[in-house]
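Novice:
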DNA sequence: TTGCTGACCGACG
DNA sequence: CCGTCGGCCAGCA
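In the numbering used here, the protein residues as written are 695 to 802.
#1: Go ahead and label residue 731 buried or exposed: buried means 16 or more other beta carbons lie within 10 angstroms of its beta carbon, across all protein chains shown.
#2: Tell whether a beta-carbon distance below 8 Å holds between residue 728 and residue 722.
#3: Taking 8 Å as the threshold, find out whether the stretch 766–778 comes into contact with the stretch 733–742 through three or more Cβ pairs.
#4: Which runs of the alpha helix (DSSP H) at least 4 residues long sit entirely within the stretch 729–775? Give them in chain order.
#5: So, under 8 Å CB-CB, residue 734 and residue 753 are touching, yes? Tell me the CB distance rounded to an integer number of Å.
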């Protein structure tokens with residue numbers, strides 16, 4: 695049986711290396727559905743319900759902007775998590791996005 | 001069951 | 001540069 699969209703999404707996100715980030719669109723494209731980027735974010739939202747720890751903070755939008763920051767408790771938890779991993783964030787946006795960007799289609 | 005919504009992205013004017 | 005629209009899939013009332 696083929697894995698569902700959510701399972702595949704979790705699988706990819708969990709494989710994001712330390713100090714690296716990726717975009718919803720990149721994950722969606724890797725899964726085969728470029729237009730289903732929204733589903734990736736939706737999977738992250740559902741990931742809270744999972745017993746496993748999904749590094750959803752390593753997933754941002756194509757601009758490197760931490761759009762899902764507010765879903766991490768309303769504070770800047772996501773920012774601090776990424777900064778603790780060496781990611782430079784400025785104004786809720788990753789400055790060295792190109793340096794820390796991890797493309798599943800290329801790396802995986 | 002139908003219909004709306006959602007942490008997005010790319011295209012168009 | 002900025003606002004708007006369509007597409008994609010799954011969960012929920």
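We put the CB at the ideal spot given by N, CA and C, even for glycine.
Keep in mind that this is a model prediction, so the values were computed, not measured.
Specialist: The relevant details are as follows:
#1: buried
#2: yes
#3: no
#4: 731–741
#5: 7 Å
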